[in-house]
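**Student:** For the protein sequence lines, the chains are A and B, in the order given. Counting along the first sequence from 1, when you hit position 94 you're at 94 in the numbering used here, and nothing is skipped either side. Position in the second sequence (first residue = 1) + 1000 = the numbering used here. Can you read through this structure? Questions will come right after.
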Amino acid sequence: MDIKTETRIVFIAPTSDLTPDRIARLVHNLGHEVSVKETCYGVVLQGPKDAVKLTLDEVRKMDPNRIYSKIRAFPMGDLRRCRAHHGSRPGFAQLEKEWKDLCLVEQGLICLEKGEVPPTPSKRQRIPVNELKKLIDEVPQ
Amino acid sequence: MKIFLMPPNSLILFDLVERFGHEPLSLMKALRDRVTSNEIEAPPLNVTLDDVKLGLKYAGIEIPSGIRGRLAVYGPLIDEAEAAIFMEDAPYSFGCVGCQRTNELAKLLVRKRKVPILSLDYPANEEEAKDMVYKVKSFLEGLK
Chain A
1 MDIKTETRIV FIAPTSDLTP DRIARLVHNL GHEVSVKETC YGVVLQGPKD
51 AVKLTLDEVR KMDPNRIYSK IRAFPMGDLR RCRAHHGSRP GFAQLEKEWK
101 DLCLVEQGLI CLEKGEVPPT PSKRQRIPVN ELKKLIDEVP Q
Chain B
1001 MKIFLMPPNS LILFDLVERF GHEPLSLMKA LRDRVTSNEI EAPPLNVTLD
1051 DVKLGLKYAG IEIPSGIRGR LAVYGPLIDE AEAAIFMEDA PYSFGCVGCQ
1101 RTNELAKLLV RKRKVPILSL DYPANEEEAK DMVYKVKSFL EGLK
């Protein structure tokens, strides 16, 4: 594959009202040389680097704080990864966890937009021993 | 500036670094060159014998080849890094023990390079997320 070609995953945060279908329609309407594929979490874009960047900028405008993206190593529809061809998806647990966290990150971005300085969060506590004991007792022997 | 990420394939960090105007050094970009080259068509997909030898620059011969192979991919990114952001406390499902050990070694290599580092935890609630995004932005702005 050409070095100038780029594949990008676009994620829609769980709190967004957007659907992958709406993003795909927008990408088609833009008329850039970019292929788009709908997925459960958003879309996958593939095309020349510049065109992908331009498209991504336009897609982001739809919901700036709820659309996230990263580069994807494997090309779109690669037989080794594509589910349609029974490909494996070893990194899915991480994608799923980070996708769930996007609604939290969104709050951070909104906070920055407003120019607020967030309060220092309270330190995480370990579970007290008594509560742990209670949990152990609850589990049937 | 070029920012090394840990986990190196993190979506949240990649997006934030790019949003705030820096270049994330991601694992995906490094792997892309490998998986799309004609040399690698069958499993193990992303590491060649040469990579394992290349990994010797970053890890000793006694280190398992799996970790050395991974470091062959991470290593050049670490060499390029001008700053780094680490996100700790990831769930167990993020990878195997080999991945974890590789990450620990990679973090050590970054620390040895004496570049500015920001260490964070994966946010568990809104308060922590706000603090995380704020810290990432301040850190990246401070680098300019």
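Yeah, the Cβ is synthetic: ideal placement off N, Cα and C, and Gly gets one too.
#1: Do the region 1112-1128 of chain B and the region 1077-1095 of chain B make contact, defined as three or more Cβ pairs closer than 8 angstroms?
#2: DSSP three-state label for residue 1094 of chain B, please.
#3: For residue 84 of chain A, which three-state DSSP category applies?
#4: Measure from the alpha carbon of residue 1096 of chain B to the alpha carbon of each residue in B:1077, B:1022, B:1130 and B:1066, then state which is nearest.
#5: Distance cutoff 8 angstroms, beta carbons only. Does residue 51 of chain A sit that close to anything in chain B?
#6: Specify, as a first and last residue, the run of the beta strand (DSSP E) that residue 142 of chain A falls within.
#7: How about residue 117 of chain A: is its C-beta nearer than 8 angstroms to some C-beta of chain B?
#8: According to DSSP, is residue 68 of chain A helix, strand or coil?
#9: Note down, in chain order, all residues in the region 73-106 of chain A with a beta-carbon under 7 angstroms from any beta-carbon belonging to chain B.
#10: Suppose contacts are defined by Cβ-Cβ distances below 8 angstroms. Is residue 69 of chain A in contact with residue 1131 of chain B by that definition?
#11: List the whole-angstrom C-beta distance separating residue 24 of chain A from residue 34 of chain A, where the pair is believed to meet the contact cut-off of C-beta under 8 angstroms.
#12: Is residue 70 of chain A close to chain B? Criterion is C-beta to C-beta, closer than 8 angstroms.
#13: What residues in the region 1075-1100 of chain B have a beta carbon less than 7 angstroms from any beta carbon of chain A?
#14: Just grab the DSSP bridge partners of residue 1087 of chain B for me.
#15: For the region 3-23 of chain A, list every residue whose C-beta sits within 7 angstroms of some C-beta in chain B, in sequence order.
#16: With a threshold of 8 angstroms between beta-carbons, can residue 1010 of chain B be considered close to chain A, or not?
#17: Could you pull the start and end residues of the alpha helix (DSSP H) that residue 1132 of chain B belongs to?
#18: For residue 1105 of chain B versus residue 1071 of chain B, is the C-beta distance shorter than 8 angstroms?
#19: Drop a sphere of 10 angstroms on the beta-carbon of residue 74 of chain A, count the other beta-carbons inside from all chains shown, and report buried for 16 or more, exposed for fewer.
#20: So what does residue 42 of chain A bridge to, in DSSP terms?
#21: Candidates B:1055, B:1123, B:1128 and B:1006: which alpha carbon is nearest residue 1076 of chain B's?
**Tutor:** The relevant details are as follows:
#1: yes
#2: helix
#3: helix
#4: B:1066
#5: no
#6: Here chain A covers residues 1 to 141 and nothing more, so residue 142 of chain A does not appear.
#7: yes
#8: strand
#9: 73, 74, 75, 80, 91, 93, 94, 95, 97, 98, 101, 104 and 105
#10: no
#11: Incorrect: roughly 11 angstroms between the Cβ atoms, too far for contact.
#12: yes
#13: 1091, 1093 and 1094
#14: B:1120
#15: 11
#16: yes
#17: 1126-1143
#18: yes
#19: buried
#20: A:11
#21: B:1055
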